[in-house]
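A.B. asks: Shown below is the structure under consideration.
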Amino acid sequence: MTTQQAARFPLTTTVDFVIVGSGAAGGIMAKELATRGHSVVVLEQGPRIHPSQFHHDEYAYFFKNEIATKQPITWRQKPTEEAKKGGFLWYAQMVGGSSVHFTANFWRFRPVDFNERSRLGAIPGASLVDWPITYEELEPYYTKVDWEIGVSGAPGPSDPPRSRPYPVPPLPVKSSGVLFERGARKLGFHPYPAPMAILSQPHNGRAGCQNCGYCQGFGCEYGAKSSTLASVIPIAERTGRCEVRPRAYVRKVELDARGRATGVVYFDENKQEQFQRAKAVILCANGAETPRLLLMSKSNRFPDGLANSSGMVGKHLMFNGGSLAPGLYEHPLNEYKGAQVTRIAHDWYDSDPKRGFYGGGGIDARGDINLPIFYALNGNKPGVRNWGAEHKRFLEHNFSRQMVIFGHTTSLPVETNSVSLDPKLKDDWGLPAIRFTYRDHDDDLKMMKYLQDRAMEIHEAAGAVQSWRSPVEVQTGTAHLLGTCRMGNDPKTSVIDKHHRTHDVKNLFLCDGSSLVTSGRGQPTMTIMALAFRAGERIANFAKRNEI
Amino acid sequence: MSSTRRTFITSAAGLGAAWLATDWALVDDALAHAAKAVAQQPAPSFTTLTAAEAREVDAMAQRILPTTNTPGAKEAGVIYFIDKAMASFEKDALLDLRKGLTDLRTRVAKQKKGATSFASLAPTEQDAVLRGMEKTDFFGLVHYLTMVGMFGNPSYGGNRDRIGWKIIGFDPQAVHQPPFGYYDAQLVRGKKA
Chain A
1 MTTQQAARFP LTTTVDFVIV GSGAAGGIMA KELATRGHSV VVLEQGPRIH PSQFHHDEYA
61 YFFKNEIATK QPITWRQKPT EEAKKGGFLW YAQMVGGSSV HFTANFWRFR PVDFNERSRL
121 GAIPGASLVD WPITYEELEP YYTKVDWEIG VSGAPGPSDP PRSRPYPVPP LPVKSSGVLF
181 ERGARKLGFH PYPAPMAILS QPHNGRAGCQ NCGYCQGFGC EYGAKSSTLA SVIPIAERTG
241 RCEVRPRAYV RKVELDARGR ATGVVYFDEN KQEQFQRAKA VILCANGAET PRLLLMSKSN
301 RFPDGLANSS GMVGKHLMFN GGSLAPGLYE HPLNEYKGAQ VTRIAHDWYD SDPKRGFYGG
361 GGIDARGDIN LPIFYALNGN KPGVRNWGAE HKRFLEHNFS RQMVIFGHTT SLPVETNSVS
421 LDPKLKDDWG LPAIRFTYRD HDDDLKMMKY LQDRAMEIHE AAGAVQSWRS PVEVQTGTAH
481 LLGTCRMGND PKTSVIDKHH RTHDVKNLFL CDGSSLVTSG RGQPTMTIMA LAFRAGERIA
541 NFAKRNEI
Chain B
549 MSSTRRTFIT SAAGLGAAWL ATDWALVDDA LAHAAKAVAQ QPAPSFTTLT AAEAREVDAM
609 AQRILPTTNT PGAKEAGVIY FIDKAMASFE KDALLDLRKG LTDLRTRVAK QKKGATSFAS
669 LAPTEQDAVL RGMEKTDFFG LVHYLTMVGM FGNPSYGGNR DRIGWKIIGF DPQAVHQPPF
729 GYYDAQLVRG KKA
């Protein structure tokens, strides 16, 4: 391993950059800045776990949150309600962040994602706006993600323009992919191999996928899944200019009298308060923790939270929608083997006025409910008794024969959907817990149902013995945390500019899911990573020109 | 364990015998093997639950995943997982489990005059009691623990001889080779032909 060569900075050192968070964005930011000659300290809430410590244990990972966060949260649908303990927040709290446990669906956004407000007009009940950047501006950085992080795939029928082919071919097709392709083609849709951040073959010195099936929610012990832990963090550390400091829980960004960030206050692994000085601060803590940290960093200058003169910090939270249609087939599929997804279709990507509501999405075929405990608890049809001899018989016959057709959809930015500080509940460090306020826009729910209808049709066309709908309901949990410090040209309606610099503080930058202006169609990580490559390059250029 | 997690799960959300999920010869073999293994072992003592508590929870688990023509919670040793869980990885639930058992006694008495334990009821009576309480948190807890004890890693004390995995056709190998299932295998065969 490379950790021996990694830098160790004494706390008396003022480093060039302190990065909060080591996930999809933080890991890339560290690599981009360290390889350009800067000293970097990355503070990570969670532990450092060596890939050899990852193991195949459904109970530990899904029910005991071995790597997923245990942050206490509160939840409500409307700002007028009192939030109650509950809801579900799913992010990995460790070096590499959620890039370690993601399912690895890597869909690029398309040109249409960036200018929907101009093309579609205002949507009642939402504050849909254009991005201040275009797909064309981001394309080179998507290509960097393909090659430096590692994406498997093949050209699709309606791909956005790309400057370079995929570095490695698609993963081997599963039975779910074969059936999905069969059904979708019969209906005139255009299925194609799923782009996945899992290496199908060795690339950049990393191993290819072994088809163990433990991707979604797990860490990859083979290093084939393209987390920042497996890809760019070792490169950042090998420069000798980057220290990734685990179990460092940041509570405040400090400002000096001139309104410049001076560093961050954090609790170390012994819960002792420490201060890391830096010439500039970059928050990559995810779409919930970044706004929370800003809201906790109040000062006389920023009484409503740091960099929050717009009042937009924490607002416009978006999750993406997901609608599931499980189906049973005559012969075994064994969906627990291999990567989750091998075929997708994007025929419903753009919003279509003919549908009568805003929204777009894509559909994939996957195992999803494909590990034994999950399946025993949730594999059966809704409303059917999930215990007793009948249920047991269902599990025995169908565990190997079931797959899910999964619709992934847009979430509209709604100002009242937000991350804020809970007035009562505290976390384990005595800091205000994250409070979620979230109710899917009606159009979001309609789009979820729309794709579920398509999923049911595809099952039928593919020859499913049986299929059914998981209820589409207002969401009360999420793994996608988007839009809460959105990017824009107007300091009154956005938190960061198009270079990821906060409008309010010259040497404070934000880059993670919070930067997104719109939600895309359900697979945000690739875009978060592309933004991080772009932001890292820009921030390094600002530093070079003494513009920080 | 939390009910929200279970909600999230549903919302958010080689050729030959190896992938034929339910190989009944294999399962019968497993059943015989398990029965033998259980019979050969001296009944281990429980570390957290009292013998009476364990009897009741065990009886519930055995109705949740009954022994049919394939092994169930009994053969998988689910109760030993639950006992271990109550001392360690699910210890926060012990109080709820005990409260639930008190409530269970009341329900048993209502079901059958003079009955003092769930375990002493006939299976059909037990099912009637469970149906009457299947929406309760207590039933949810025992249901959850039974499923983890049956289908979780054997290292936690249940799923003996990987019985739970065998009956559903889950092959927990660290590496798999395509084709994985019938339909992708068919595709490969078609291409070769």
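Chains A and B, in that order, are what the protein sequence lines are. Anchor point for the first sequence: position 207 equals 207 in this note's numbering, and the numbering is continuous, going up by one each time. Anchor point for the second sequence: position 128 equals 676 in this note's numbering, and the numbering is continuous, going up by one each time. By construction, the Cβ of each residue, glycine as well, lies at the ideal position given by its N, Cα and C atoms.
1) Thr437/A to Ser99/A, Cα distance in whole Å?
2) Given a cut-off of 9 Å on the beta-carbon distance, is the pair Val168/A and Ser158/A in contact?
3) State yes or no: is the beta carbon of Pro720/B nearer than 9 Å to at least one beta carbon in chain A?
4) Only counting the same chain, and skipping five residues up and downstream in sequence, which positions put a Cβ closer than 6 Å to that of His480/A?
5) Is it true that the CB of Glu254/A sits closer than 9 Å to the CB of Phe275/A?
6) Consider the Cβ of Pro614/B: report whether some Cβ of chain A lies at a distance smaller than 9 Å.
7) Please report how far the alpha carbon of Ile19/A lies from the alpha carbon of Cys284/A, in whole angstroms.
8) Are the beta-carbon atoms belonging to Ala641/B and Leu689/B less than 9 Å from one another?
9) Using a threshold of 9 Å, state whether the C-beta atoms of Pro619/B and Ile711/B are closer than that.
10) Using CA atoms only, rank isn't needed, just tell me which of Gly213/A, Glu243/A, Leu43/A, Ala92/A is closest to Arg8/A.
11) Going by C-alpha distance, which of Gln466/A, His101/A, Glu181/A is nearest Tyr329/A?
12) In angstroms with no decimal places, state the Cα-to-Cα distance between Thr615/B and Asn378/A.
13) Since I believe Gly97/A is in contact with Gly23/A (beta carbons under 8 Å), could you give me their beta-carbon distance rounded to a whole number of angstroms?
14) Hey, does Gly620/B have any beta-carbon neighbour from chain A nearer than 9 Å?
15) Smallest Cα separation from Asp428/A: which of Val419/A, Lys271/A, Gly213/A, Trp387/A?
16) Quick check: the Cα distance between Arg164/A and Lys144/A, rounded to an integer number of angstroms?
17) With DSSP collapsed to three states, give me the class of Lys426/A.
18) So, helix, strand or coil for Val575/B, using DSSP?
19) If I measure Cβ to Cβ from Ala569/B and keep anything under 6 Å in the same chain, skipping five residues before and after, which residues do I get?
20) Considering Cα atoms alone, identify which of Leu43/A, Gly37/A, His101/A, Lys85/A is closest to Glu66/A.
21) Whose CA, out of Cys485/A, Asp444/A, Arg385/A, lies closest to the CA of Ser420/A?
22) Is the distance from the Cβ of Leu324/A to the Cβ of Asp368/A below 9 Å?
23) Glu547/A: buried (16+ other C-beta within 10 angstroms of its C-beta) or exposed?
24) Any residues in the region 44-70 of chain A with a beta carbon nearer than 7 Å to a beta carbon of chain B? Which ones, in chain order?
25) Of the choices Trp387/A, Gly213/A, Val313/A, whose alpha-carbon is the least far from that of Glu335/A?
26) Nearest CA to the CA of Gln674/B: which residue from Arg611/B, Asp606/B, Ala602/B, Val605/B?
27) Run through DSSP, which three-state label would Ala479/A get?
28) How many whole angstroms separate the CB atoms of Met681/B and Phe687/B, which I take to be in contact at a CB cut-off of 8 Å?
29) Which residues mark the beginning and the end of the alpha helix (DSSP H) in which Tyr450/A is found?
30) Would you say the beta carbon of Asp304/A is closer than 8 Å to some non-hydrogen atom of the ligand ATP?
31) Quickly, what does DSSP pair Asp560/A with across the bridge? List them, please.
32) Among Thr69/A, Gly87/A, Pro10/A, Ala68/A, which residue has its Cα nearest to the Cα of Gln77/A?
33) So Ala551/A is in the beta strand (DSSP E); what residue range does that whole segment cover?
34) Return helix, strand or coil for Phe114/A, following the three-state DSSP convention.
35) Run through chain A and tell me which residues come within less than 9 Å of Pro702/B, C-beta to C-beta.
36) Which chain B residues sit within Cβ distance under 8 Å of Val178/A?
C.D. replies: Here's the rundown:
1) 25 Å
2) no
3) yes
4) For His480/A, where only same-chain residues beyond five positions count, the Cβ hits under 6 Å are Phe319, Asn320, Pro524.
5) yes
6) yes
7) 7 Å
8) yes
9) yes
10) Glu243/A
11) Gln466/A
12) Taking the Cα positions, Thr615/B is about 21 Å away from Asn378/A.
13) 2 Å
14) yes
15) Lys271/A
16) 10 Å
17) strand
18) Note that Val575/B scores a pLDDT of 46, beneath 50, so its modelled location is shaky; the value from the coordinates is reported in the next line. Reduced to three states, the DSSP call for Val575/B is helix.
19) Bear in mind that a pLDDT of 32 at Ala569/B, under 50, signals an unreliable position, so the model cannot answer this.
20) His101/A
21) Cys485/A
22) yes
23) It counts as exposed.
24) His56, Asp57, Glu58, Tyr59, Phe63, Lys64
25) Gly213/A
26) Nearest of Arg611/B, Asp606/B, Ala602/B, Val605/B to Gln674/B, Cα basis: Arg611/B.
27) coil
28) So it is a contact: roughly 5 Å between Cβ atoms.
29) Its alpha helix (DSSP H) spans residues 442-462.
30) Looking at this structure, you won't find the ligand ATP or any other ligand, since it has none at all.
31) No answer is possible for residue 560/A: the residues shown for chain A start at 1 and end at 548.
32) Gly87/A
33) What is shown of chain A runs 1 to 548, which leaves residue 551/A out entirely.
34) helix
35) For Pro702/B, no chain A residue has a Cβ inside 9 Å of its Cβ, as the nearest lies near 11 Å away.
36) Tyr731, Asp732, Gln734, Leu735
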